[in-house]
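Report on the structure given below.
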């Protein structure tokens, strides 16, 4: 079983749609959670951290469910520029800063 | 903003060559990482360093070594390049619990 699992997609949605991505992780000791965005042939960039209480940044909302070891990302009012791959990322639950990356969910927003 | 610079965006090397990939960060971060990214496999940790001259193997260290002689510079060395090391190589650094900052990546092709 992969340590971080994501649906690879692609999710193909029209502009203005709301889309949600889910991710599960296997290590119950993980304490830090992130969503990264990666454009084609570019490096991953931090989109947002995910906090236990849930957090929002503009059109993006992240939720964490520790009991189910599940993280979600909701994108409202999708823009063409949101087309990218979204990586779910967790730490290893030890004292290091090593992170584990999911393989990503690809989003295509069409006009 | 933290800047992580990788010396080459694209590199083509021959089988058996010794290859050096350089990474420099400008924010005095202690922790630096080398990942490779392959389609369907996501990002996999090769090596990381938590201080000058301190290093630890990641999940896939075979065929690689690293050097960290100065805090700002973390080098990845392919001792004898092979075709299965054709990949995108990503360097990252981190301070605190705020997620990684990645370099722009080096796309290495071994022929």
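Residue numbers (the working numbering), protein chains in the order written: chain A, 1 to 111; chain B, 1 to 111. For every residue, glycine included, the Cβ atom is placed at its ideal position computed from N, Cα and C.
Contact annotation: residue 55(B) and residue 47(B) have beta-carbon atoms nearer than 7 Å.
Judged by beta-carbon spacing, residue 62(A) lies beyond the 7 Å limit of residue 46(A), meaning their Cβ atoms are not closer than that value. The closest CA to that of residue 51(B), considering only 32(B), 103(B), 41(B), 42(B), is found on 32(B).
Pairing residue 73(B) with residue 60(B) gives a Cβ-Cβ distance that is not under 7 Å.
In this structure residue 91(A) is buried. Its beta-carbon is surrounded by 16 or more other beta-carbon atoms within 10 angstroms.
Under a 10 Å Cβ-count criterion, residue 82(B) is classified as exposed, with fewer than 16 other Cβ atoms of the shown protein chains found around its own Cβ.
Excluding residues up to 5 positions away in sequence, 68, 69 lie with their Cβ nearer than 8 Å to the Cβ of residue 53(B) in the same chain. The segment 82 to 98 of chain A makes contact with the segment 25 to 41 of chain A; the number of CB pairs closer than 8 Å reaches 3 or more.
Your pair residue 60(A) and residue 71(A) does not check out as a contact, with CB atoms roughly 13 Å apart and the cut at 8 Å. The C-alpha of residue 16(B) lies about 11 Å from the C-alpha of residue 85(B). Under DSSP, residue 87(A) shares a beta bridge with 36(A).
Per DSSP, residue 10(A) is not a residue of any beta strand (DSSP E), being assigned neither H nor E.
Taking 3 residues as the shortest admissible run, the segment 3 to 69 of chain B contains the following complete beta strand (DSSP E) segments, listed from N- to C-terminal end: 4 to 6, 10 to 13, 19 to 21, 23 to 25, 31 to 38, 42 to 51, 54 to 57. The beta carbon of residue 105(B) sits closer than 6 Å to those of 88, 90, all from its chain and outside the five residues before and after it, given in chain order. Proximity of residue 31(B) to chain A, defined by a Cβ-Cβ separation below 7 Å, is satisfied.
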